[in-house]
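Protein chains in written order, with the numbering used here: chain D, 1235 to 1525; chain C, 39 to 159.
No residue lacks a Cβ here, since even glycine has one placed at the ideal position from N, Cα and C.
First the structure, in the form of structure tokens, and then the observations on it.
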Amino acid sequence: MVQAATEKTLISSIIRRSGDELLQEWIQEQQKAVAKAGKRDEAEVRQLCSEFLRLFRDALEANGAYDLDGKEWTPVRELLDTLSRERSEQGYSPSETASFVFSLKRPLFAQLRRELIRNPEALAQETWTATEIIDRLGLYTTEVFQRARDAIIARQQEEMLELSTPVVKLWDGILALPMIGTLDSQRTQVVMETLLQGIIDTGSEVAIIDITGVPTVDTLVAQHLLKTVAAARLMGAECIISGIRPQIAQTIVHLGIDLGQVITKATLADAFREALKRAGVQLRPTLAQAS
Amino acid sequence: MDRIPILRMGEFLLVTIQVDMHDQLALSLQEDLTQRVQKTGARGVLIDISALDIVDSFIGRMLATIAGTARLLDAQTAVVGMQPAVAITLVELGLQLRGVRTALDVEKGMTLLRAALERRA
């Protein structure tokens, strides 16, 4: 335990004594490792590195047992958190991000060698300790990086779900739902819910489901469409399906799906005209066009 | 035991369900309503379920039964204000309530019933 404590203090005292030298070498090392280093402004990197070294030293001095989950290491972890998250958003690769920590190894080992040139055993011991700590910090960076990426992916998926199911109000009491892209069971559920909620919110009695942008219709999708129409009817609204492409119409007939109960129109325009008729609105050419 | 009030509005009966429906309540509503239709000679029944956010197959079937019974007594039934979640549940249960008229709210339901009566007259 006593020995462990002195080991720690050796690394931290090296940082304390020759911190500037170490910092200089570290930054050079990083610029070698990270091809994108040019993107980052030198002063910024310097500031980040010296901040890291300071926190790293403090943590080493404060903590006898090198438990990286301990509260002494919290500032270091927080710094790495921000760093990895920023870099993952800026499009760095995981290895480029982790190299921030790993590139500290070479300058640190060089300093250790200079320090303990006469004591190979202690040198090996110190090197091992330093490797262990830096490796764990590096792995931690990668982990945070991965988590940040996962969060971005999850958010984008969610956004895509919402983006792809807009409910548009065409007229008082007439809604349209232009569907785009392949329908899977999760999306179809979202589509159904947004449409029904839209009907409630706007008090619309006619809803047009336009499937021009749906590349394929299989039995599942068709069944879902029928369910949506039935649910809307239960709520007191009528659905018109429009934009069924010729191939899809053929598929539907081949599959033996019965859309008999549903009003279908070839284009959104036709469906809109039908909806207006049901809402009691009459379209009339203006005088200028009539003459 | 509590009962669901049935209000008379001209030639229509209005039922607003504002409590959680349990089976016994549904049965007594069905009975009360049939008797009131008979007694008042109402031409239409409006059932407002906008406050109902949970249904099961029993309640779903009850709605269909009420509509069927009322039709025998020459009254049209409209179910109004169904919540999206309820509609989805009923469809998933395979209860599409064919033969029951539906509308978004009481006012639209009333218009719907009037139009239906005029068509018949």
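If you look at G82 of chain C, you'll find it isn't in any alpha helix (DSSP H); it sits in the beta strand (DSSP E) that goes 82-86. According to DSSP, residue pairing for R1383 of chain D in a beta bridge does not occur. Of all alpha-carbon atoms in D:A1388, D:F1334, D:V1402, D:D1369, the one lying nearest the alpha-carbon of I1442 of chain D is that of D:V1402. Interface criterion met: the Cβ of A125 of chain C is under 8 Å from a Cβ in chain D.
In the three-state DSSP reduction, P122 of chain C falls in the helix class (H, G or I). Among the CB atoms of chain C, one or more fall inside 8 Å of the CB of Q1431 of chain D. Using beta-carbon distances, A141 of chain C counts as an interface residue toward chain D, with a partner under 8 Å. M1394 of chain D is classed as exposed because its beta carbon has fewer than 16 other beta carbons within 10 Å across all chains shown. Looking at D:T1416, D:A1385, D:I1434, the one whose alpha-carbon comes closest to that of G1407 of chain D is D:I1434.
Nearest CB-CB separation between E1439 of chain D and chain C: below the 8 Å threshold. DSSP, read as helix, strand or coil, puts G1253 of chain D in helix. With a beta-carbon spacing of about 6 Å, A113 of chain C and R81 of chain C fall inside the 8 Å limit used to define contacts. The beta strand (DSSP E) runs lying completely inside the region 1301-1330 of chain D and spanning 3 residues or more number zero. A1277 of chain D and Q1359 of chain D have their C-alpha atoms some 34 Å from each other. Counting of Cβ neighbours within 10 angstroms places L1489 of chain D among the exposed residues, the total staying below 16. In terms of Cα proximity to A1382 of chain D, the closest of D:L1314, D:F1336, D:S1337, D:I1445 is D:L1314.
Cβ neighbours of E1439 of chain D within its own chain (closer than 6 Å, five residues either side excluded): G1407, A1471. Rounded to the nearest angstrom, the Cβ distance from W1260 of chain D to P1341 of chain D is 5 Å, consistent with a contact under 8 Å.
For the pair I92 of chain C and V117 of chain C, the CB atoms are not nearer than the 8 Å cut-off. Of the candidates D:F1334, D:R1321, D:I1386, D:T1462, the residue whose Cα lies closest to the Cα of E1285 of chain D is D:F1334. Taking each of C:L110, C:I126, C:D143 in turn and checking the Cα distance to G137 of chain C, the smallest one comes out for C:L110. By the neighbour-count criterion, in which a residue is buried when 16 or more other Cβ atoms sit within 10 angstroms of its Cβ, P43 of chain C is exposed. Excluding its 5 nearest sequence neighbours in each direction, G1447 of chain D has C-beta neighbours in its own chain below 7 Å: P1412, M1413, I1414, G1415, listed in chain order. For P1480 of chain D, the enclosing alpha helix (DSSP H) begins and ends at 1480-1489.
Q56 of chain C is outside the set of residues whose beta carbon lies under 8 Å from a beta carbon in chain D.
Between the beta-carbon of F1379 of chain D and that of R1321 of chain D there is about 7 Å, and that keeps the pair under the 8 Å contact cut. When C-beta distances to chain D are compared with 9 Å, every residue of the region 58-76 of chain C stays at or above that value. The continuous alpha helix (DSSP H) containing M1426 of chain D extends over residues 1419-1436.
For Q134 of chain C, the chain D residues whose C-beta falls within less than 8 Å of its own C-beta are A1464, R1467, L1468, listed in chain order.
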